[in-house]
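In our numbering, the protein residues as written are 150 to 495. Step one of this worksheet: look at the structure below.
Here you go:
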């Protein structure tokens, strides 16, 4: 039997009505060497009382509200595990997933991250039948170091569907919490692969609850220039950190592509939205809509895990937004923008 300890850190902010399910799903794993931490991020409901009722079976860390990035940082101050899993308090781990993750880490010493699929649940915790990412799409798998350095792009899963090497997390954390009140999983997803192997498994490892109050800008979120600029700021910061950590990971920093030259569909989408909606405040000088449309279509070659139909839809979006008159481009962006706020579930 493996001697690895797995830390499951549950992030809770006013999710008391779901928290017990999340804690139970962690405590009932068939792998014995599990540490469960509940990091309460300034809840004003009964979350702290619910967590305290579990006594010494969990470690409760209650702190002021500072967002998702701060929860990741605080976790590392208390984690005892060799493997770290972050679980949103409204999600639930599937039985046996911790044992499956440990098997992979034991089999391959170079693994820094294991990711798996999520079953979408309704507010009552019942499966809807949907799976994220869809079963017809592949997840990034293997040695992705140069791919991430050069394109940033690989198919990764949200917070609750990952397990990370604690040693690697200690290298890249703490992150600047003020930059990552939400979306902190992107920081981990974009940086950690440069340190080793990513393994993706077909198994569904977590139930991903959608209840209409998920902490996100997706609830009524519209595509705006401000959203696009924030997205570009986040991507640009992660690029700077990949550049910073590359020598530590044994990589050549010259292989790290800058934001301006990055053939990444999400980055180019944000550039195009920012430019079309608010050209005066667009942060990348010299950008032209036609060139970005061309870059966007070319960048889709990096999405080899994504079904052709989805790539074709994105190509049509790039062409329409980059080439159409302003009024038409705005209608297209309002109707659907890939990777936009309306598509961020949490």
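For every residue, glycine included, the Cβ atom is placed at its ideal position computed from N, Cα and C.
Beta-bridge partners assigned by DSSP to residue 189: 161, 211. Each residue's CA atom was taken as its position, placing residue 320 and residue 474 some 47 Å apart. Restricting attention to 296, 425, 213, 345, the CA atom closest to the CA of residue 481 is found in 425. Exclusion of the five residues before and after residue 460 leaves 449, 452 as the residues of its chain whose Cβ lies within less than 6 Å of its Cβ. For the set 304, 265, 242, the Cα lying nearest the Cα of residue 180 is the one of 242.
Between the alpha carbons of residue 391 and residue 337 lies a distance of about 11 Å. Only buried fits residue 431, as 16 or more other CB atoms lie within 10 angstroms of its CB.
Apart from sequence neighbours up to five positions away, the residues of its chain that approach residue 315 with a beta-carbon distance below 6 Å are 230, 231, 233, ordered along the chain.
Here the region 251–265 makes contact with the region 347–355; the two share three or more CB pairs at distances below 8 Å. With fewer than 16 neighbouring CB atoms inside 10 Å of its own CB, residue 485 falls in the exposed class. C-alpha of residue 190 to C-alpha of residue 171: approximately 16 Å in a straight line.
For the alpha helix (DSSP H) assignment, the uninterrupted runs of no fewer than 4 residues enclosed by the region 416–465 are, from N- to C-terminal side, 438–448. In this chain, the beta strand (DSSP E) harbouring residue 268 covers 260–270.
Under DSSP, residue 184 forms a beta bridge with 156. CA-CA distance, residue 279 to residue 269, rounds to 5 Å. Closest option to residue 168, judged by alpha-carbon separation, among 223, 274, 250, 213: 274.
Within a 10 Å sphere around the beta-carbon of residue 483 sit fewer than 16 other beta-carbons, which makes this residue exposed. In the DSSP annotation of this structure, the continuous segment of the beta strand (DSSP E) that includes residue 312 starts and ends at 311–314.
Three or more Cβ pairs drawn from the region 294–303 and the region 405–425 lie within less than 8 Å of each other, which places the two stretches in contact. Relative to residue 343, the option among 228, 406, 399 whose CA is nearest is 399.
Bounds of the alpha helix (DSSP H) holding residue 336 are 333–340.
Between residue 340 and residue 387, the CB-CB gap stays under 8 Å. In this model, residue 208 and residue 472 are separated by some 55 Å (Cα to Cα). Residue nearest to residue 276 within the set 416, 358, 183, 204 is 358 (criterion: CA-CA distance). For residue 412, there is no enclosing beta strand (DSSP E), since its DSSP letter is neither H nor E. By the neighbour-count criterion, in which 16 or more other beta carbons inside 10 Å mark a residue as buried, residue 334 falls on the buried side. Excluding the 5 residues flanking it on each side, residue 246 has same chain C-beta neighbours closer than 6 Å at 354, in chain order. The region 184–199 makes no contact with the region 284–292, as fewer than three CB pairs between them are under 8 Å. If you compare the alpha carbons of 281, 213, 201, 435 with that of residue 326, the shortest gap goes to 213. Taking C-alpha positions only, residue 470 is separated from residue 384 by approximately 21 Å. Cβ contact annotation for residue 228 (same chain, cutoff 6 Å, sequence separation greater than five): 156, in chain order. In this structure, the straight-line span from the alpha carbon of residue 164 to that of residue 175 is close to 16 Å. Close CB contacts of residue 178 within its chain, under the 6 Å cut and outside five residues either way in sequence, are with 247 (chain order).
Taking the CA atoms as reference points, residue 423 sits about 20 Å from residue 331.
Around the CB of residue 457, fewer than 16 other CB atoms lie within 10 Å, so the residue is classed as exposed.
Residue 250 and residue 182 have their C-alpha atoms some 13 Å from each other.
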